[in-house]
Amino acid sequence: MEIVVNGRPQAVPDESTLLDVLRSLSIDPSRVAIELNEEIVRKADWENTRLTSGARLEIVHFVGGGLR
Numbered sequence: 004m005e006i007v008v009n010g011r012p013q014a015v016p017d018e019s020t021l022l023d024v025l026r027s028l029s030i031d032p033s034r035v036a037i038e039l040n041e042e043i044v045r046k047a048d049w050e051n052t053r054l055t056s057g058a059r060l061e062i063v064h065f066v067g068g069g070l071r
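For what it's worth, this note's numbering labels the leading residue of the sequence shown as 4, then goes sequentially.
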């Protein structure tokens, strides 16, 4: 099925979860937040949140840094 990840089409297997998508993209789950169809999804729910065709994900990466 096709979903949209950060504005780009992405093919994923049917029945994929949010965690499956992160793994397929080689993204470290400890360093991101996920919005699914304009709703933030709690990290505890990623393994059980199944996607449907046309789902829209925004994956936000945390980066270190700050003022010097």
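Glycine included, every Cβ here is placed at the ideal spot set by N, Cα and C. These numbers were taken from a predicted model, which means no experiment stands behind them.
Check                                                                                                                                                                                            : Outcome
Between V15 and E5, what straight-line distance do the alpha-carbon atoms span, to the nearest angstrom?                                                                                         : 6 angstroms
Identify, in the order they occur along the chain, each residue of the same chain with its Cβ nearer than 6 angstroms to the Cβ of L25, setting aside the five sequence neighbours on each side. : P32
Figure out for me which residue from E61, V66, W49 has the closest Cα to the Cα of V7.                                                                                                           : E61
Is the separation between the beta-carbon of L54 and that of S27 shorter than 8 angstroms?                                                                                                       : no
How would you call A36, buried or exposed, if buried means at least 16 neighbouring beta carbons within 10 angstroms?                                                                            : exposed
Who are V44's beta bridge partners in DSSP?                                                                                                                                                      : I37
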